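Visitor: First the structure, then my questions, so here it is.
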Amino acid sequence: MNIQFNTNLLETNVINLAVVIGIVISFVGDALKSLLSNRQNLILSNLEEANKRAINAEQKLFEAREKFESAKIKAQEIQNQSINTINKDRIQFKTQTKEAVQRLENLKKETLTFQQKKALTILSKKVIALSLKQVKNKLQSRTDLKFQNSINNFYIALLRNYESFN
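All you need for this note's numbering is the position in the sequence shown, starting with 1, plus 4.
Here is the structure:
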């Protein structure tokens, strides 16, 4: 084995540079590959995380839209129920008012009928009392013998009819 030194500076520098560059590329390349691989993994994990967050946000948005639509439908149902309840109450109020008016009309008619009967009864009693008073006055003023005989004959006839009837 024969080892010789190359004295040509240009060849020596090129060879040394090639060796150094090879070593540097080998070590730096591995480090750079490792660094780039780590960076790639970090970017991929960040992308996956961002993708998961985007999916989660889309799911929450979908759920929020569903809840909004459900609340919208529920609000519409409540509004419809309120309108129906108001209409039913209005109809019931009208019916109750008509019934109350009818009851008051009937009560008014009954009261008027009662007051008419009462007035008629009072008037009848006054007419009868006045008639009896006039009859009594006439009887007291006509107490002559002829009149008393006619009254006695009348009562005798009544008694005979009563006896023949029994």
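Even for Gly, the Cβ is constructed at its ideal location relative to N, Cα and C.
None of these values were measured; they are calculated from a predicted model.
Give the DSSP-derived three-state secondary structure of Asp148 in the structure shown.
Guide: Counting from one through the sequence shown, the residue named residue 148 turns up at place 144. Asp148 falls in the coil class under three-state DSSP.
Visitor: Between the C-alpha atoms of Val28 and Ala54, what's the straight-line distance to the nearest angstrom?
Guide: Numbered from its first residue, the sequence shown carries residue 28 at position 24. Numbered from its first residue, the sequence shown carries residue 54 at position 50. Each residue's alpha carbon lies about 37 Å from the other.
Visitor: How big is the Cα-Cα spacing for Lys78 and Lys64?
Guide: Taking the first residue of the sequence shown as position 1, residue 78 is located at position 74. Taking the first residue of the sequence shown as position 1, residue 64 is located at position 60. About 20 Å.
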